[in-house]
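In UniProt numbering, the protein residues as written are 1 to 477.
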């Protein structure tokens, strides 16, 4: 393949409005062999006859976007619970990646729980890969986990060498018996071990002692549930994590930040130059605890959804860079697991298919826009995961692309979503952003339907950093 002069025919040509460098402009994208080979502003448009005559034809397919459509890079969701094997009835790879593609998500990183076995060993990772091999409709990678069962025995390094993106730990109970939490001394031991081979730790930070102190009577009121896990539980744990990072130098990521008090600690840590990143989630940014219907367990999650004041603080943290990005923390469950009231129901919000559009809608309401939502949910998440080949529309990038009608509104109906269980905290909400088409490597996987099976080539491993020795062959498993 050569440059624009004398370029051979390509697989795919897309013309129309597209998000380039944070700005929506008219342009043409050429795709060949799954990669973007050329991006040109203005070329190929109907009102530019000279450009039309010089642009090469697409050998396989030409897509001309409608006036209300915009081409964006695919969303990279780094925090998804798929629950297969062991609890496939909660979701599973087929349902999860179909829902992802329908929501504009082209890369999914699967959490090490609530599958059973959890991804605490290489054997468990291999079982998970075997389950996913023919079910992945999007790109799919895997996090490893760390608890006391695999700490200090060399297993973390073996998992890292097998391509997991890092290691998740809990400071408080995880909610499942087969995945333990780490007390603070064990957390520091995990950090030292992971730092020794340049790995990354990701942390569910809620302080167990604070939770025990504040855990009170939970009624049907969501506010009562939020009060049982108050902001100080998270902020205190975040402060303990920061101190441990300062002692160990371990690259550490704070999951699902829900309150302003945590942001203050994170700002100070970043000001010191500590290797800390942090995320928040669509439900914390778009829902508040005082407008949740009594007894509706679709909204139950840990940490809980908090007040409008906390929501405002999170948006400010995104704008000023204290929070690095947004990931869904998609954590679905069956109706039986969501039964029993707020005190007993499984905690998790199902949002993979609608999370990006929920953020887009609220961003627009706050005077932000499509470029901001894409930056926080594609560009920044890709960078965090170590990807150099996605998160933007540019030559050399994978052609993981989404066509969206950003100003068209739709109503979420939980029973029409592609997740296995029709439960959603966003049920009934009116959101901006209808997805017209999702492409993986330039191939449409979602428009009105899906192919019959997933693609084994969608299973991916952690990209190798420049200082790491790259294996022979590709970065696939």
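Ideal Cβ placement from N, Cα and C applies to all residues, glycine included.
Treat the numbers as computed from the prediction; the structure is a model and nothing was measured.
Reduced DSSP category for residue i - H, G, I as helix; E, B as strand; rest coil
{"i": "residue 548", "result": "Outside the displayed span of the chain (1 to 477) sits residue 548, for which this structure offers no information."}
{"i": "residue 460", "result": "strand"}
{"i": "residue 478", "result": "Beyond the ends of the chain as shown, which are 1 and 477, falls residue 478; an answer cannot be given."}
{"i": "residue 353", "result": "coil"}
{"i": "residue 264", "result": "helix"}
{"i": "residue 380", "result": "helix"}
{"i": "residue 19", "result": "strand"}
{"i": "residue 13", "result": "strand"}
{"i": "residue 32", "result": "strand"}
{"i": "residue 202", "result": "strand"}
{"i": "residue 359", "result": "helix"}
{"i": "residue 374", "result": "helix"}
{"i": "residue 415", "result": "helix"}
{"i": "residue 341", "result": "helix"}
{"i": "residue 365", "result": "helix"}
{"i": "residue 52", "result": "Residue confidence is low: residue 52 scores 45 on pLDDT, short of 50, so the model does not pin down where it sits. No coordinate-derived value is stated."}
Identity of the residue in the options nearest residue i by Cα
{"i": "residue 160", "options": "178, 285 and 119", "result": "119"}
{"i": "residue 444", "options": "83, 102 and 354", "result": "102"}
{"i": "residue 415", "options": "408, 280, 424 and 407", "result": "424"}
{"i": "residue 250", "options": "167, 308, 211 and 216", "result": "167"}
{"i": "residue 84", "options": "112, 106 and 108", "result": "112"}
{"i": "residue 377", "options": "30, 206 and 107", "result": "107"}
{"i": "residue 87", "options": "178, 343 and 306", "result": "178"}
{"i": "residue 480", "options": "389, 407, 406 and 408", "result": "In this structure the chain extends from 1 to 477, so residue 480 is not present and cannot be described."}
{"i": "residue 232", "options": "259, 268 and 180", "result": "259"}
Check whether residue i and residue j have beta carbons under 8 Å apart
{"i": "residue 352", "j": "residue 80", "result": "yes"}
{"i": "residue 253", "j": "residue 277", "result": "yes"}
{"i": "residue 151", "j": "residue 193", "result": "yes"}
{"i": "residue 24", "j": "residue 17", "result": "yes"}
{"i": "residue 142", "j": "residue 164", "result": "yes"}
{"i": "residue 93", "j": "residue 135", "result": "yes"}
{"i": "residue 104", "j": "residue 356", "result": "yes"}
{"i": "residue 187", "j": "residue 171", "result": "yes"}
{"i": "residue 329", "j": "residue 281", "result": "yes"}
{"i": "residue 454", "j": "residue 97", "result": "yes"}
{"i": "residue 226", "j": "residue 262", "result": "no"}
{"i": "residue 404", "j": "residue 70", "result": "yes"}
{"i": "residue 284", "j": "residue 266", "result": "no"}
{"i": "residue 456", "j": "residue 133", "result": "yes"}
{"i": "residue 343", "j": "residue 218", "result": "yes"}
Mind listing, in chain order, the continuous beta strand (DSSP E) runs of no fewer than 3 residues lying wholly within the segment 419 to 446?
Fully enclosed beta strand (DSSP E) runs of 3 or longer: 430 to 440 and 443 to 446.
Give, in chain order, every unbroken run of the alpha helix (DSSP H) that is at least 4 residues long and sits entirely within the segment 61 to 147.
Runs of the alpha helix (DSSP H) inside the segment 61 to 147: 93 to 102 and 122 to 132.
Enumerated in chain order, which unbroken segments of the beta strand (DSSP E) with a length of 3 residues or greater are wholly contained in the segment 265 to 338?
If only complete runs of 3 or more residues are kept, the segment 265 to 338 shows the beta strand (DSSP E) at 276 to 280, in order along the chain.
Residue ranges of each alpha helix (DSSP H) run of no fewer than 4 residues wholly in the segment 147 to 176, ordered along the chain?
For the segment 147 to 176, whole alpha helix (DSSP H) runs of length 4 or above, ordered along the chain, are 155 to 161.
Segment contact, 8 Å Cβ cut-off, at least three pairs: the segment 381 to 391 with the segment 280 to 294:
No, they do not touch.
Uninterrupted alpha helix (DSSP H) stretches inside the segment 178 to 249 (no shorter than 4 residues):
Whole alpha helix (DSSP H) segments, 4+ residues: 184 to 196, 208 to 214, 222 to 228 and 231 to 248.
With a threshold of 8 Å, are at least 3 pairs of Cβ atoms found where one atom belongs to the segment 314 to 331 and the other to the segment 365 to 376?
Yes: at least three Cβ pairs fall under 8 Å.
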